[in-house]
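Residue numbers (full-length UniProt numbering): 1 to 362. Below you'll find the structure, written out as structure tokens, and then a few comments.
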Amino acid sequence: MYAKAISRLIIRDQKAEAAEYISDYIISRIKSFSPTPEKPFILGLPTGSSPEGIYKNLVAAHKNGDISFKNVITFNMDEYVGIPRDHSESYHSFMYKHFFSHVDVDPANINILNGNAEDLEEECIAYEEKIRRAGGIELFLGGIGPDGHIAFNEPGSSLRSRTRVKTLAYDTIIANSRFFDNDLDKVPKMALTVGVQTVMDAREVVVIITGAHKALALQKCIEGGVNHMWTLSSLQLHPHAMIVADEDATLELQVKTVKYFKSIEQVATAQGFGQALASAKILQKKRDSVIEKLDSPKSPTAKTFLAPPKPTLTRQITPDLIPDSMHDRLPEAPMRGIGLEGLETKEVPLSSMHERVDSAQA
Ligand code: GLP
1 MYAKAISRLI
11 IRDQKAEAAE
21 YISDYIISRI
31 KSFSPTPEKP
41 FILGLPTGSS
51 PEGIYKNLVA
61 AHKNGDISFK
71 NVITFNMDEY
81 VGIPRDHSES
91 YHSFMYKHFF
101 SHVDVDPANI
111 NILNGNAEDL
121 EEECIAYEEK
131 IRRAGGIELF
141 LGGIGPDGHI
151 AFNEPGSSLR
161 SRTRVKTLAY
171 DTIIANSRFF
181 DNDLDKVPKM
191 ALTVGVQTVM
201 DAREVVVIIT
211 GAHKALALQK
221 CIEGGVNHMW
231 TLSSLQLHPH
241 AMIVADEDAT
251 LELQVKTVKY
261 FKSIEQVATA
271 QGFGQALASA
281 KILQKKRDSV
291 IEKLDSPKSP
301 TAKTFLAPPK
311 PTLTRQITPD
321 LIPDSMHDRL
331 PEAPMRGIGL
341 EGLETKEVPL
351 SSMHERVDSA
361 QA
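Written as structure tokens, this is what we have:
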């Protein structure tokens, strides 16, 4: 019943346009949230080549004075186990190289799992706790692997999983070997990763999917059912999920699916809704005005708006059944019109049934 229900799929011709759509979206979400030190914006972040363009745009927007990350707290999705933090391919290095070093985010607000922690399990539990204490993630940005994994939630991961130590799938080790001189031996075999449920707990999830090599994953995640072998498919259960893909990534989708999502975007834009969620402020304002109307003594129609419907009785209420009176309710007169004229129900002899079968067969 939940299948085929990703809330929004935005399709752009090129990878760069998909990235632009997302960076613009993140900027508008942070701006409309108006974060302060007391009410920071909690942003979940990914690594990988897909989001590089998004970071590039966010950095450019920051340099233009268009956006500040001062009151943004970040939580990264994952990190390899066992490679030094300053290794060029660690996710720490990636994040500083592509984003953190270029914007005004407070280093104290940056959270990345420590793949070298003495006790890795403790590290994962503490990370979940830290997210919870920060008030939960407002928007989790993600990418996927060609096997449909989100963060490092490889095929077969529990859809209820939380931050934990994960052994990488062979496919992922091959895919990521491009960052390690194409040498499988150099690719870490374990990682720390937020769980599928950790991502699902975010108030909003936005995922970038680009390239023909991710087309099968996108198809499984959108047109297939919710399935732990394609962990991104869990997004079908999320009330505010958005996938932004380029044309190449849609290659395995049915034409009908692509047309459906494109028309949804067109209609929403034409109606002036765009794709953005209404800001919390606007939603609150709307709620207040509805309540105001309901409470207004001058507004009887509004008062009845939420009143329970009045029952309109169209048939008699069945009286309580009293076992002793059952017999009394049997008709005194012979039952008519059922082919047993003249016989009272209790007098139907068993033998006559037999006779009737025989005569019907004759
Ligand atoms: C790794 C990361 C994922 C990321 C994926 C995709 O597996 N753990 O979080 O989504 O890479 O990477 P790319 O965008 O380079 O294809």
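Even for Gly, the Cβ is constructed at its ideal location relative to N, Cα and C.
Any non-hydrogen atom of the ligand GLP within 6 Å of residue i CB
i    : result
F69  : no
P37  : no
F152 : yes
M77  : yes
G48  : yes
G53  : no
G143 : yes
For residue i, the residue or residues it bridges with in DSSP
i    : result
A245 : I11 and I209
F261 : In DSSP, F261 forms no bridge with anything.
F75  : G44 and N111
M190 : T167
N64  : Note: N64 sits in no beta bridge, so no partner.
I26  : In DSSP, I26 forms no bridge with anything.
N116 : None; N116 has no bridge partner.
I144 : I150
L139 : L43
Collapsed DSSP secondary structure at residue i in the structure displayed
i           : result
residue 379 : The first residue shown for the chain is 1 and the last is 362, placing residue 379 beyond what the model contains.
T304        : Low local confidence applies: a pLDDT of 45 at T304 is under 50, so the model's placement there is unreliable, with the coordinate-based value given in what follows. Helix.
K162        : A small correction: the amino acid at residue 162 is Arg; Lys does not occupy that position in the sequence shown. Of the three classes helix, strand and coil, the one that applies to R162 here is coil, per DSSP.
A18         : helix
L237        : helix
F179        : helix
L251        : coil
F99         : coil
F152        : coil
F69         : coil
I222        : helix
I83         : coil
When the options are compared against residue i, the one with the closest alpha-carbon
i    : options                  : result
R133 : I10, S34 and I42         : I42
A16  : I208, H240 and A268      : I208
G142 : K186, T231 and R164      : T231
T74  : C124, R8 and I112        : I112
F152 : D78, M95 and D104        : D78
T172 : I83, R29, E265 and E154  : E154
S23  : V81, L45 and P40         : L45
V196 : D104, N227 and I222      : N227
A191 : E123, E223, A270 and S32 : E123
V194 : V206, T163, Y91 and Y127 : T163
A249 : S7, R8 and A18           : A18
Exposure of residue i, with buried meaning 16 or more beta-carbon neighbours within 10 Å
i    : result
S161 : buried
E138 : buried
A307 : A caution first: A307 carries a pLDDT of 47, below 50, which makes its placement in the model unreliable, though a value can still be read off. Label assigned to A307: exposed.
R178 : exposed
Y170 : exposed
T210 : buried
S325 : Residue confidence is low: S325 scores 49 on pLDDT, short of 50, so the model does not pin down where it sits. No coordinate-derived value is stated.
E121 : exposed
R168 : Note on identity: in this sequence residue 168 is Leu, with Arg being the wrong assignment. L168 is buried by the Cβ-count criterion.
K130 : exposed
A60  : exposed
P51  : buried
G53  : buried
L294 : exposed
A202 : buried
P239 : exposed
G148 : buried
A217 : buried
L214 : The amino acid at residue 214 is misidentified as Leu; the sequence shows Lys. Its Cβ being crowded by 16 or more others within 10 Å, K214 is buried.
G136 : exposed
A270 : exposed
Q219 : buried
Q236 : buried
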